[in-house]
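Quick note, the sequences are listed as chains A and B, same order. Taking the working numbering, the leading residue of the first sequence gets 7, the next gets one more, and so forth. Taking the working numbering, the leading residue of the second sequence gets 614, the next gets one more, and so forth. Each residue gets a CB set at the ideal place from its N, CA and C atoms; glycine is no exception.
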Amino acid sequence: MNAIQVDNLTKHYGEVRAVDGISFNAPAGATVGLLGGNGAGKTTTIAMMLGLLIPTSGRICILGHDMARDRFNALARMNFSSPYIALPARLTVRENMRVYGHLYNVARIDQRIAALSRDLDLGAILDRPAGQLSAGQKTRVALAKALINRPEVLLLDEPTASLDPDTGDLVRTWLEQYRAESGCTILLASHNMAEVERLCSHVVMLKRGVVVDRGSPDELLMRYGRHDLEAVFLDIARDRRQAVDA
Amino acid sequence: MRHHTGMGGTRAMFRRIWGLMYRHLALYRRSWPRLLELGYWPVLNMCIWGFTSSFLQARMGNPVMMAGATLLGGVLLWEVTLRSQMGMSVSFLEEMWSRNLGHVFVSPLRPFELVLALVGMSIIRMMMGVMPAVLLAWAFYAFNLFAIGPVLVLFFINLMIMGWAVALGVVSLILRHGSGAEPLAWALLFGMAPFSAVFYPVSVLPAYIQPLAYALPSTHVFEGMRAALLHGEVRWDHLAAAFALNMVWLAGAALLFNRQFHAARASGALISIGE
Chain A
7 MNAIQVDNLT
17 KHYGEVRAVD
27 GISFNAPAGA
37 TVGLLGGNGA
47 GKTTTIAMML
57 GLLIPTSGRI
67 CILGHDMARD
77 RFNALARMNF
87 SSPYIALPAR
97 LTVRENMRVY
107 GHLYNVARID
117 QRIAALSRDL
127 DLGAILDRPA
137 GQLSAGQKTR
147 VALAKALINR
157 PEVLLLDEPT
167 ASLDPDTGDL
177 VRTWLEQYRA
187 ESGCTILLAS
197 HNMAEVERLC
207 SHVVMLKRGV
217 VVDRGSPDEL
227 LMRYGRHDLE
237 AVFLDIARDR
247 RQAVDA
Chain B
614 MRHHTGMGGT
624 RAMFRRIWGL
634 MYRHLALYRR
644 SWPRLLELGY
654 WPVLNMCIWG
664 FTSSFLQARM
674 GNPVMMAGAT
684 LLGGVLLWEV
694 TLRSQMGMSV
704 SFLEEMWSRN
714 LGHVFVSPLR
724 PFELVLALVG
734 MSIIRMMMGV
744 MPAVLLAWAF
754 YAFNLFAIGP
764 VLVLFFINLM
774 IMGWAVALGV
784 VSLILRHGSG
794 AEPLAWALLF
804 GMAPFSAVFY
814 PVSVLPAYIQ
824 PLAYALPSTH
834 VFEGMRAALL
844 HGEVRWDHLA
854 AAFALNMVWL
864 AGAALLFNRQ
874 FHAARASGAL
884 ISIGE
């Protein structure tokens, strides 16, 4: 069963085709990478999946809920994290977690905060204002916020951007654990190809609003005759080579 | 094991509304300048008009006393409208300034729940802002607002509803046009003050402006307030007109909010709001 189903999704801004008829799906429990250069349509696609943006045409179905008609029931079962959207800076980490615990109707909020604090090593910063945290701490807090409701679908936009290698690895390890334990479906937009190779079982490559290729990381490496996804990404971005079997 | 979130129920709705209100209350708990600001302008206004009223009474004697009372009543009740409007608009702006709207709009919080949370904050902010000025008027200028009688509650309700309708209009324009529409949060209601007959009766206004004045719910409240203070009578006709106009204003504002929210989702303005 697919947790995420996107069919012929299109978003036009006047003459600009930000997303142009893309289709993909994510099986329940899988981690799918959404890759592409700047302006490829990743953020627009995620915004439509979250209901922030109304598609020009096409259909998005998440956990069986049609996002055009029933988005709030889907939103209650999913969550989102991006380093580009802040949490209220003057509230402490704990207060922020409580706010989102209430918004997502989480039972026993304080227990949930304590568990997330343990898992993501937030103990020392729980009572500090969110605005006083380092970039790495903010990313871990954003991730804790995204996990407050134990989401069945998690959308992550650049989850390890601006993190040092150690913290980045910690976050990736934790995401792997969470997915394995919870069966959560993860859609990951990232420019970090090593991260995508490590976490994703399936990759969708976008370019100028259309899907230009897709497959497992191994399939893509084989198809392009490369040893790492970064080289595949550059091949696609720069139109240097066609896939061997394309 | 998953937590059961049990969405869709009334309890879940109230928790979502409380969640957003808690966010603002937590902000006030740790920021005394914000708390101080709530009461600062109403108290300052009361000082200015209180001393003006005392001065006129001292110079002109008792005949001016009742006029002074209507002046102070006007100051306090106008603050109810203004603080209700600002309480709602500024709470929304706080979300925008902290770049938190992206998280709020992708949570299960429905747009009408967002509005109800803003209304809740508006009531709290209005009470915290206006009550010190009411006490000041009673302690220093011997003006007891509650002497108007139980009808005062109806005046308050009408003025708050008008404030919310204006605030909803402001929020709608900010949703659609971003931070460029921000100054309206401070300016829009001030523009209605001259036509609301806050300090003088509608009959003072030129005849061609009077229909405009009577289209404002606040005008009927202030005419009613003067009738209560000067003649001790309750003008139910004005109260009924204020309620009817408020329903029209509120329905119009809700329609505008709904349309602008939808338009912002279609144009992508919701993603870049505040930038």
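Excluding the 5 residues preceding and the 5 following residue i in the sequence, name in chain order all residues of the same chain whose CB lies nearer than 6 angstroms to its CB.
i	result
Lys-17(A)	Ala-24, Val-25, Thr-50, Pro-61 and Thr-62
Leu-722(B)	Arg-629
Ala-53(A)	Leu-59
Ala-252(A)	Residue placement at Ala-252(A) is flagged as unreliable, the pLDDT there being 45, under the threshold of 50; the coordinate-derived value follows with that caveat. Nothing meets the Cβ criterion.
His-233(A)	none
Ala-866(B)	Ala-778, Leu-781 and Gly-782
Arg-848(B)	Gly-837 and Ala-840
Starting from the Cα of residue i, find the closest Cα among the options and give me that residue.
i	options	result
Arg-566(B)	Gly-762(B), Pro-721(B) and Arg-628(B)	For chain B, the structure presents residues 614 to 888; residue 566(B) sits outside this window and is missing.
Leu-3(A)	Ser-207(A), Val-147(A), Gly-231(A) and Leu-226(A)	Residue 3(A) is absent from the structure shown; chain A starts at 7 and stops at 252.
Gln-183(A)	Gly-57(A), Gln-138(A), Arg-104(A) and Ala-36(A)	Ala-36(A)
His-637(B)	Met-679(B), Val-732(B), Gly-663(B) and Thr-694(B)	Val-732(B)
Ala-200(A)	Leu-227(A), Glu-187(A) and Gly-215(A)	Leu-227(A)
Leu-193(A)	Asn-8(A), Leu-15(A), Asn-14(A) and Ala-32(A)	Ala-32(A)
Gln-698(B)	Ser-644(B), Asn-658(B), Val-817(B) and Ile-770(B)	Ile-770(B)
Ala-730(B)	Pro-165(A), Arg-134(A), Leu-109(A) and Met-103(A)	Leu-109(A)
Gly-70(A)	Asn-198(A), Val-12(A) and Arg-156(A)	Val-12(A)
Ile-91(A)	Ser-711(B), Leu-825(B) and Leu-802(B)	Ser-711(B)
Along the chain, where does the alpha helix (DSSP H) containing residue i start, and where does it finish?
i	result
Leu-15(A)	Leu-15(A) -> not in any alpha helix (DSSP H); beta strand (DSSP E) instead, spanning 8 to 19.
Ile-119(A)	115 to 125
Gly-163(A)	Per the sequence shown, residue 163(A) should be read as Asp rather than Gly. Unbroken run through Asp-163(A) is the beta strand (DSSP E), 159 to 163; no alpha helix (DSSP H).
Met-775(B)	764 to 790
Gly-663(B)	645 to 673
Val-202(A)	199 to 205
Val-216(A)	Here Val-216(A) belongs to no alpha helix (DSSP H); instead the beta strand (DSSP E) covers 216 to 221.
Asn-155(A)	Element bounds for Asn-155(A): n/a, residue is neither H nor E.
Met-634(B)	623 to 642
Ser-831(B)	830 to 839
Tyr-827(B)	823 to 827
Gln-873(B)	849 to 880
If we call anything under 8 angstroms between Cβ atoms a contact, is residue i one with residue j?
i	j	result
Pro-94(A)	Thr-145(A)	no
Met-701(B)	Ala-625(B)	no
Asn-85(A)	Leu-153(A)	yes
Met-211(A)	Val-202(A)	no
Leu-829(B)	Phe-808(B)	yes
Val-99(A)	Leu-132(A)	yes
Glu-692(B)	Pro-655(B)	yes
Met-775(B)	Trp-662(B)	no
Ala-750(B)	Leu-685(B)	yes
Ala-150(A)	Leu-97(A)	no
Phe-768(B)	Gly-681(B)	no
Phe-718(B)	Leu-883(B)	yes
Leu-56(A)	Lys-48(A)	no
Leu-159(A)	Ile-68(A)	Looking at the sequence provided, one finds Val at residue 159(A) rather than Leu. It is a contact, given that the beta carbons lie within the stated cut-off.
Leu-648(B)	Tyr-641(B)	yes
Ala-74(A)	Thr-191(A)	no
Leu-843(B)	Thr-683(B)	yes
Met-679(B)	Ser-704(B)	no
Apart from the five residues just before and just after residue i, which ones in its own chain have a Cβ nearer than 8 angstroms to its Cβ?
i	result
Lys-213(A)	Gly-42, Gly-43, Ala-46, Ile-242 and Ala-243
Tyr-635(B)	none
Phe-627(B)	none
Check for me: the beta strand (DSSP E) holding residue i runs from which residue to which?
i	result
Ile-28(A)	22 to 33
Met-2(A)	Shown here, chain A extends from 7 to 252; a query on residue 2(A) therefore has no answer.
Ser-253(A)	Outside the modelled stretch of chain A, which goes from 7 to 252, sits residue 253(A), for which no answer is possible.
Leu-193(A)	191 to 195
Leu-40(A)	37 to 41
Ile-68(A)	63 to 68
Less than 7 angstroms between C-beta atoms, sequence neighbours within five positions excluded: which residues of the same chain meet that for residue i?
i	result
Val-747(B)	Leu-689 and Leu-758
Leu-651(B)	Arg-738, Met-741 and Gly-742
Ala-854(B)	His-833
Phe-874(B)	Pro-724 and Leu-788
Leu-797(B)	Val-783 and Leu-786
Tyr-167(A)	Per the sequence shown, the amino acid found at residue 167(A) is Ala instead of Tyr. Pro-89.
Met-620(B)	Its pLDDT being 49, under 50, Met-620(B) is placed unreliably by the model, and nothing is read from it.
Cys-206(A)	Thr-37, Val-38, Gly-39, Leu-194 and Pro-223
Scan the stretch 709 to 743 of chain B for residues whose Cβ lies nearer than 7 angstroms to a Cβ of chain A and list them as they occur along the chain.
Under the 7 angstroms Cβ criterion, the stretch 709 to 743 of chain B contributes Ser-711, Arg-712, Asn-713, Gly-715, His-716, Phe-718, Val-719, Ser-720, Pro-721, Leu-722 and Arg-723.
To be precise: take each residue of the stretch 72 to 91 of chain A, compare its Cβ to all Cβ atoms of chain B, and keep it if any distance is under 7 angstroms. Which residues remain?
Of all residues in the stretch 72 to 91 of chain A, those with a C-beta nearer than 7 angstroms to a C-beta of chain B are Phe-78, Asn-79, Leu-81, Ala-82, Phe-86 and Ile-91, reading in chain order.
According to a CB-to-CB cut-off of less than 9 angstroms, which residues of the stretch 97 to 128 of chain A neighbour chain B?
Against chain B - using a Cβ distance shorter than 9 angstroms - the residues of the stretch 97 to 128 of chain A are Leu-97, Thr-98, Glu-101, Asn-102, Arg-104, Val-105, Tyr-106, Gly-107, His-108, Leu-109, Tyr-110, Asn-111, Val-112, Ala-113, Arg-114 and Arg-118.
Name, going along the chain, the residues of the stretch 635 to 664 of chain B whose beta-carbon falls closer than 8 angstroms to a beta-carbon of chain A.
For the stretch 635 to 664 of chain B, which is checked against every Cβ of chain A, the residues closer than 8 angstroms are Tyr-635, Arg-636, Ala-639, Leu-640, Arg-643 and Ser-644.
Mind listing which residues of the stretch 10 to 39 of chain A have their C-beta closer than 9 angstroms to chain B's C-betas, in chain order?
Of all residues in the stretch 10 to 39 of chain A, only Lys-17, Tyr-19 and Ala-24 place a beta-carbon less than 9 angstroms from a beta-carbon of chain B.
May I ask you to list, following chain order, the residues of the stretch 51 to 74 of chain A that have a beta carbon less than 8 angstroms from some beta carbon of chain B?
Within the stretch 51 to 74 of chain A, the residues whose Cβ lies closer than 8 angstroms to some Cβ of chain B are Ala-53, Leu-56, Gly-57, Leu-58, Leu-59 and Ile-60, listed in chain order.
Contact list for the stretch 168 to 193 of chain A against chain B, Cβ threshold 9 angstroms
Flagged, chain order: Ser-188.
Taking Cβ-Cβ distances below 7 angstroms as the criterion, which residues of the stretch 772 to 794 of chain B are in contact with chain A?
Going along the stretch 772 to 794 of chain B in chain order, one finds no residue with a Cβ nearer than 7 angstroms to chain A.
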